[in-house]
Amino acid sequence: MSAPTFEQTYAADVPELSTAWRAAVVEEPSLLVFDDDLATELGLDAAWLRTPDGVRMLAGQVPESWPTYAQAYAGHQFGSYSPVLGDGRALLLGEFVDPAGRRHDLHLKGSGRTPYARGGDGNAAVGPMLREYLVSEAMDALGIPTTRSLAVVGTGRTIMRERPLPGAILARVASSHLRVGTFQYAASLGRLDVLRALADHAIDRHHPTAREADDPYLALFEAVATAQARLVARWMGVGFIHGVMNTDNMTISGETIDYGPCAFLDAHDPRAVFSSIDHGGRYAYGNQPGIAQWNLARLGEALLPLIGRGPGGGEDESGEDESTPRPWPEPAEAAVEAATGVLAGFAETYDAAFHEVMAAKLGVRTGAEDDPEVRTLVSDVLALLTRERIDHTQFFRALTDGSARELVDDAAPFDVWLERRSALLDPDTAAREARMNAANPVYIPRNHVVEDVLGAATEGDLAPFMRVLPALRTPFTRRDGFEDLARPAPAGTPQHITYCGT
Ligand code: AMP
Ligand code: MG
Numbered sequence: 001m002s003a004p005t006f007e008q009t010y011a012a013d014v015p016e017l018s019t020a021w022r023a024a025v026v027e028e029p030s031l032l033v034f035d036d037d038l039a040t041e042l043g044l045d046a047a048w049l050r051t052p053d054g055v056r057m058l059a060g061q062v063p064e065s066w067p068t069y070a071q072a073y074a075g076h077q078f079g080s081y082s083p084v085l086g087d088g089r090a091l092l093l094g095e096f097v098d099p100a101g102r103r104h105d106l107h108l109k110g111s112g113r114t115p116y117a118r119g120g121d122g123n124a125a126v127g128p129m130l131r132e133y134l135v136s137e138a139m140d141a142l143g144i145p146t147t148r149s150l151a152v153v154g155t156g157r158t159i160m161r162e163r164p165l166p167g168a169i170l171a172r173v174a175s176s177h178l179r180v181g182t183f184q185y186a187a188s189l190g191r192l193d194v195l196r197a198l199a200d201h202a203i204d205r206h207h208p209t210a211r212e213a214d215d216p217y218l219a220l221f222e223a224v225a226t227a228q229a230r231l232v233a234r235w236m237g238v239g240f241i242h243g244v245m246n247t248d249n250m251t252i253s254g255e256t257i258d259y260g261p262c263a264f265l266d267a268h269d270p271r272a273v274f275s276s277i278d279h280g281g282r283y284a285y286g287n288q289p290g291i292a293q294w295n296l297a298r299l300g301e302a303l304l305p306l307i308g309r310g311p312g313g314g315e316d317e318s319g320e321d322e323s324t325p326r327p328w329p330e331p332a333e334a335a336v337e338a339a340t341g342v343l344a345g346f347a348e349t350y351d352a353a354f355h356e357v358m359a360a361k362l363g364v365r366t367g368a369e370d371d372p373e374v375r376t377l378v379s380d381v382l383a384l385l386t387r388e389r390i391d392h393t394q395f396f397r398a399l400t401d402g403s404a405r406e407l408v409d410d411a412a413p414f415d416v417w418l419e420r421r422s423a424l425l426d427p428d429t430a431a432r433e434a435r436m437n438a439a440n441p442v443y444i445p446r447n448h449v450v451e452d453v454l455g456a457a458t459e460g461d462l463a464p465f466m467r468v469l470p471a472l473r474t475p476f477t478r479r480d481g482f483e484d485l486a487r488p489a490p491a492g493t494p495q496h497i498t499y500c501g502t
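See below:
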């Protein structure tokens, strides 16, 4: 039994973009939840991680000789720019390579104040950390790229929120924690060498084919835009609302990150907002593709000094000392045009990816995603769901089962729609049903159920949390006893509100 071997290539490649820092002392860490399957899949020693030494490691209690870092980033939060955010209560414990050769970060959230903590206390409460654990595991099971949750460790400390709450640390695994905001921060330093080193690190880690392009940094931008377009299309398919799509909460890898006030649609509604702080509806369900594009524009701005300057991003042009900060020169017109082209490409890629997702949900013939009739079929059914406030998840699953008509009040226009759809269906019934079943989950983390199980966990009862986890890990298979995860909140339940109060 042994501790995994960790590296710190991020800190080595871009030392300007993090601060060496230690986790706060945790005297008596206790393992609340742990994903044995994930540990094993990643080549980590699950049995060791469950030992007292392993749990101490998951709480950041590692020897002095083991360097750990708080990462720096900037970000647009609800549209306004904060030049320094960074890991205020998080630490990069290290990177490791799994048996398949993939590199991952092991990162802790709730591990104490850091130099980026500003007014925050550096802590996290059990409820929100279990929430991230549950929802990220559900998202992964739905086939959506996401950071993963390895463990939640109780700190044994009481932390102050609206009321005293038990503290916890989430141990999270991601293919990296590079964010749009990391690039914004790097660009703000005015140092081409740092920006280039970050972009190179991102290319090597996430988008290695960009290296072969004539303009690798433009290709990096394009690859991130494509990954994000596909990601958001998947969110839209399952009715996921991230809730806080600030540029610091958007990854370069294309994984979903930072589950704060996220929620799932019940009644389909493009304007659906659950977050208590999203007053203007900036991050409403239907706004997510546009916001992703807006965030990517910020990434493009940050990368602009490297774009259109050849494979080396202008490395050998000036002969000047790049490590002296200086204002960026006016970008070349061609660079701006190329970057704008990537943003236009995002819209196209998103649109194609979204219709691919929807075609699978509706069971139409493969290859028909671009058929204008399929497109109207999609927009008409979404308009119907919105008009009648029909439960998103239930409806699509019922379409698979042939019982969707029961959910619709105004049956006549729906019958016309069903007629039109039948002409576009995949004629291979078995293949169609299999594809639809794999695209339309029975179970999603229903907001009210999530609140209930987290409420119990906060009081020390993990049983309800443990009950729902297996169903959410196999969301496409109906089981007995999980009806609550398959239907919306009972009528009369107050509108669900999520809080950033983490
Ligand atoms: P978020 O939008 O929740 O991802 O966090 C935004 C920023 O606030 C990040 O820089 C976090 O590290 C920081 N932050 C959030 N909560 C705390 C806390 N309790 N203590 C210190 N920093 C925090
Ligand atoms: Mg964040």
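Quick note on our numbering: the sequence shown kicks off at 1 and runs consecutively.
Just so it is clear, CB atoms sit at the ideal spot from N, CA and C, and this is done for glycine as well.
**Q.** Every unbroken alpha helix (DSSP H) within the segment 352-414, with a cutoff of 4 residues, ordered by chain
**A.** 372-388 and 392-401
(Q) Quick check: what's the CA-CA separation for Ala302 versus Phe183? (A) As a first step, residue 302 is located in the sequence shown; it is residue number 302 there, counting from the start. As a first step, residue 183 is located in the sequence shown; it is residue number 183 there, counting from the start. Roughly 6 Å between the two C-alpha positions.
Q) Under 7 Å, do Val107 and His206 count as touching if we go by C-beta distance? A) Position 107 of the sequence shown, counting from 1, holds the residue named residue 107. Position 206 of the sequence shown, counting from 1, holds the residue named residue 206. Looking at the sequence provided, one finds His at residue 107 rather than Val. Using a Cβ distance threshold of 7 Å, His107 and His206 do not count as a contacting pair.
Q) Going by beta carbon distance, what residues of the same chain come within less than 8 Å of Gly411, once the five residues before and after it are set aside? A) Counting from one through the sequence shown, the residue named residue 411 turns up at place 411. For clarity, residue 411 is Ala in the given sequence; the question names Gly instead. Arg405.
**Q.** Asp452 - DSSP class collapsed to helix/strand/coil
**A.** Here the question's residue 452 lines up with position 452 in the sequence shown. Correct three-state label for Asp452: helix.
Q: Using DSSP bridges, identify the partner residues of Leu106.
A: To locate residue 106, count along the sequence shown from 1; it is residue 106. Paired residues: Gly94 and Val173.
Q.
Checking the sheet assignment: what are the DSSP bridge partners for Ile241?
A. The count along the sequence shown starts at 1 and reaches residue 241 at position 241. Its beta-bridge partners are Ala263.
Q. Is the segment 267-287 in contact with the segment 208-224, if contact means three or more CB pairs nearer than 8 Å?
A. no
Q. Going along the chain, which residues of its own chain have a beta-carbon closer than 7 Å to the beta-carbon of Ala202, five neighbours each way excluded?
A. Here residue 202 corresponds to residue number 202 of the sequence shown, with the count starting at 1. Cβ neighbours of Ala202 beyond the five flanking positions: Leu178, Leu220 and Ile252.
Q) What are the boundary residues of the beta strand (DSSP E) that includes Thr158? A) Locating residue 158 in the sequence shown gives position 158, where the first residue counts as 1. Its beta strand (DSSP E) spans residues Arg148 to Met160.
Q | Closer than 7 Å to chain B by CB, Pro145 | A | Among the protein chains of the structure shown there is no chain B, as only one such chain exists.
**Q.** Beta-bridge partners of Gln77, as assigned by DSSP
**A.** As a first step, residue 77 must be located in the sequence shown, where it is residue number 77. Partner(s): Ser80.
Q.
On the criterion of 16 or more Cβ atoms from any shown chain inside 10 Å, does Gln495 qualify as buried, or is it exposed?
A. Here the question's residue 495 lines up with position 495 in the sequence shown. By the neighbour-count rule (16 or more Cβ atoms within 10 Å), Gln495 is not buried but exposed.
Q) How would you write the range of the alpha helix (DSSP H) that Leu85 sits in, first residue to last? A) The residue given as residue 85 occupies position 85 in the sequence shown. That residue, Leu85, is in no alpha helix (DSSP H); it is neither H nor E in DSSP.
Q) Which class does Ser18 belong to by DSSP, given the choice of helix, strand or coil? A) For this step, residue 18 is matched to residue 18 along the sequence shown. Strand at Ser18.
Q: Counting only the same chain and skipping the five closest in sequence on each side, list residues whose C-beta sits under 8 Å from that of Val135.
A: Here residue 135 refers to the residue found at position 135 of the sequence shown. So the list reads Tyr259, Cys262, Pro445 and Val450, once near-sequence residues are dropped.
Q. Can you tell me the Cα-Cα spacing of Arg479 and Ala486, whole angstroms?
A. In the sequence shown, counting from the first residue as 1, residue 479 sits at position 479. In the sequence shown, counting from the first residue as 1, residue 486 sits at position 486. Arg479 and Ala486: Cα-Cα distance of roughly 10 Å.
Q.
Please determine whether the Cβ atom of His70 lies at a distance below 6 Å from any heavy atom of the ligand AMP.
A. Taking the first residue of the sequence shown as position 1, residue 70 is located at position 70. One detail in the question is off: residue 70 reads as Ala in this sequence, not His. Every heavy atom of the ligand AMP is 6 Å or more from the Cβ of Ala70, so no.
Q: With a cut-off of 8 Å on the beta carbons, I'd call Leu85 and Gly101 a contact; round off their distance for me.
A: Within the sequence shown, numbered from 1, the residue matching residue 85 stands at position 85. Within the sequence shown, numbered from 1, the residue matching residue 101 stands at position 101. At roughly 32 Å, the Cβ-Cβ gap does not stay under 8 Å, so Leu85 and Gly101 are not in contact.
(Q) Contact defined as beta carbons within less than 8 Å: I believe Gly122 pairs with Glu27. What is the distance between those atoms, to the nearest angstrom? (A) By one-based count along the sequence shown, residue 122 stands at place 122. By one-based count along the sequence shown, residue 27 stands at place 27. Not a contact, Cβ separation roughly 16 Å.
Q: Classify Tyr81 as buried or exposed, calling it buried when 16 or more other Cβ atoms lie within 10 Å of its own Cβ.
A: Counting from one through the sequence shown, the residue named residue 81 turns up at place 81. Around the beta carbon of Tyr81, a 10 Å sphere encloses fewer than 16 other beta carbons of the protein chains shown; the residue is thus reported as exposed.
Q.
Using only the alpha-carbon positions, how far apart do Val224 and Glu7 sit?
A. Along the sequence shown, one-based indexing puts residue 224 at 224. Along the sequence shown, one-based indexing puts residue 7 at 7. Cα to Cα, Val224 sits roughly 25 Å from Glu7.
Q) For the beta strand (DSSP E) that contains Leu130, what are its first and last residues? A) In the sequence shown, counting from the first residue as 1, residue 130 sits at position 130. Run containing Leu130: none in the beta strand (DSSP E); it sits in the alpha helix (DSSP H), Val126 to Ala141.
**Q.** Rounded distance between the beta-carbons of Ala297 and Leu343, thought under 8 Å
**A.** Taking the sequence shown and counting its residues from 1, the one referred to as residue 343 is at position 343. Taking the sequence shown and counting its residues from 1, the one referred to as residue 297 is at position 297. About 6 Å separates the two Cβ atoms, so the contact holds.
(Q) For Val25, count the other beta carbons within 10 Å of its own beta carbon; 16 or more makes it buried, fewer makes it exposed. Which is it? (A) Residue numbering aside, residue 25 sits at position 25 when the sequence shown is read from its first letter. The C-beta of Val25 has fewer than 16 other C-beta atoms within 10 Å across all chains shown, which makes the residue exposed.
Q: For Ala361, I'd like the list of residues in its chain whose CB is within less than 8 Å of its CB, leaving aside the five on either flank, ordered along the chain.
A: Along the sequence shown, one-based indexing puts residue 361 at 361. Residue 361 is actually Lys in this sequence, not Ala. Excluding positions up to five away in sequence, the list reads Gly237, Phe396, Leu399, Met436, Ala439 and Asn440.
Q) Would you say His448 and Ala489 are within 7 Å of each other, going by their C-beta atoms? A) Counting from 1 along the sequence shown, the entry for residue 448 is found at position 448. Counting from 1 along the sequence shown, the entry for residue 489 is found at position 489. Contact: yes.
Q: Return yes when the Cβ of Tyr499 is within less than 7 Å of the Cβ of Pro475, no when it is not.
A: Against the sequence shown, residue 475 aligns to sequence position 475. Against the sequence shown, residue 499 aligns to sequence position 499. For Pro475 and Tyr499, no; Cβs fall outside 7 Å.
Q: Indicate, with yes or no, if the ligand MG has a heavy atom lying under 6 Å from the CB of Asn295.
A: Here residue 295 is taken as the residue at index 295 of the sequence shown, counted from 1. Because no heavy atom of the ligand MG lies under 6 Å away, the Cβ of Asn295 does not count as near it: no.
Q) If you draw a straight line from the C-alpha of Leu418 to the C-alpha of Asp426, how long is it? A) Locating residue 418 in the sequence shown gives position 418, where the first residue counts as 1. Locating residue 426 in the sequence shown gives position 426, where the first residue counts as 1. C-alpha separation (whole angstroms): 14 Å.
Q: Could you check the C-alpha separation between Thr386 and Val336 for me, to the nearest Å?
A: Start at 1 with the first residue of the sequence shown, and residue 386 comes out as number 386. Start at 1 with the first residue of the sequence shown, and residue 336 comes out as number 336. Rounded to whole angstroms, Thr386 to Val336 spans 38 Å at the Cα level.
Q) Are the CB atoms of Phe465 and Ala457 nearer to each other than 7 Å? A) As a position in the sequence shown, residue 465 is number 465, starting the count at 1. As a position in the sequence shown, residue 457 is number 457, starting the count at 1. Contact: yes.
Q.
Can you tell me which residues fall inside 7 Å of the ligand AMP, judged by beta-carbon distance to its nearest heavy atom, and keep chain order?
A. Gln77, Leu85, Gly86, Asp87, Gly88, Arg89, Ala90, Arg113, Tyr116, Ala117, Arg118, Gly120, Asp121, Gly122, Asn123, Ala124, Val244, Asn246, Asp248, Asn249, Asp258, Gly260, Cys500 and Thr502
Q. For Thr251, which beta-bridge partners are listed by DSSP?
A. In the sequence shown, the residue the question calls residue 251 occupies position 251. The partner list for Thr251 (beta bridge, DSSP) reads Arg179.
Q. By the 10 Å Cβ neighbour count, where 16 or more other Cβ atoms means buried, how is Ile497 classified, buried or exposed?
A. Start at 1 with the first residue of the sequence shown, and residue 497 comes out as number 497. Classification for Ile497: exposed.
Q) Can you name the residues that DSSP bridges to Pro164? A) Within the sequence shown, residue 164 is the residue found at index 164, counting from 1. The partner list for Pro164 (beta bridge, DSSP) reads Met160.
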